[in-house]
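Numbering (our numbering), first residue to last: 712 to 872.
Built from N, CA and C at the ideal position, the CB exists for glycine as well.
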Amino acid sequence: MVYYFAVASIFIAPQLAQMESIFQYLQQVNGLYSVPIIGIFLLGITTKHVPALAAKIGMIVGISFYSFFSFINIKDVIPFFANTDGDLHWLHGYFISFLASIGVMLIIGHLAPKTKEEIAISEEKTPAPVDMTPWPLAKKVSVGIFGATVAIYLVLTWAAG
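In structure tokens, the structure reads:
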């Protein structure tokens with residue numbers, strides 16, 4: 712296993728040496744999977760009819776679109792969508808990838824929705840393995856933490872001059 716990592720490192724290291732910022736590159740790579748995961752999460756919360764197959768295909772579409780928009784510069788775009796160099800801004804590529812991923816999942820959910828049995832299974836309530844009684848002081852402690860955060864911010868802002 713170590714040898715696979717060593718060989719992969721040999722091929723990746725020269726590419727990282729050409730990057731202006733390794734942090735920016737890592738953020739781009741993290742975006743590959745975070746765009747479709749956000750879409751899957753939102754559709755999982757808001758719909759009942761989108762099947763698991765749609766999530767898998769939406770993941771592939773989201774990664775493909777985000778790869779295209781992240782690693783291939785799209786030049787001379789409308790100024791509203793451009794960054795300072797005239798290229799498509801990365802946030803617009805992110806959003807287009809998100810819409811493509813969501814769109815594909817919704818189309819699949821429309822063409823091949825979950826059956827009523829699958830929906831019933833996913834709606835079954837299983838008892839929690841631990842006591843889920845809300846902590847009675849949760850709201851008071853939350854307000855206290857918020858107040859302490861604001862107070863620390865104000866004190867440090869005042870101390871900084």
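**Request:** May I ask you to verify whether the segment 769-784 touches the segment 739-753, counting CB pairs closer than 8 Å and requiring at least 3?
**Result:** yes
**Item:** Coarse secondary structure for Ala-870, derived from DSSP in three states
**Value:** helix
**Asked** Between which two residues does the alpha helix (DSSP H) harbouring Ala-831 extend?
**Response** 827-834
**Asked** What three-state label does DSSP hand Leu-848 in the structure shown?
**Response** coil
**Request:** Identify which residue in Gly-820, Ser-781, Val-852 has its Cα closest to the Cα of His-803.
**Result:** Ser-781
**Item:** At least three beta-carbon pairs within less than 8 Å, the segment 784-797 to the segment 820-836
**Value:** no
**Prompt:** Looking only at its own chain, which residues have a Cβ that is under 8 Å from the Cβ of Phe-722, when we skip the five neighbours before and after it?
**Reply:** none
**Prompt:** To which residues does DSSP link Ala-793 through a beta bridge?
**Reply:** Leu-799
**Prompt:** When you compare only the Cα positions, how much space is there between Tyr-714 and Ser-720?
**Reply:** 10 Å
**Prompt:** Can the beta-carbon of Ser-833 be found less than 9 Å from the beta-carbon of Lys-759?
**Reply:** yes
**Prompt:** For Asp-787, which residues from the same chain have a beta carbon less than 7 Å from its beta carbon, with the 5 sequence-adjacent residues on both sides left out?
**Reply:** Gly-797
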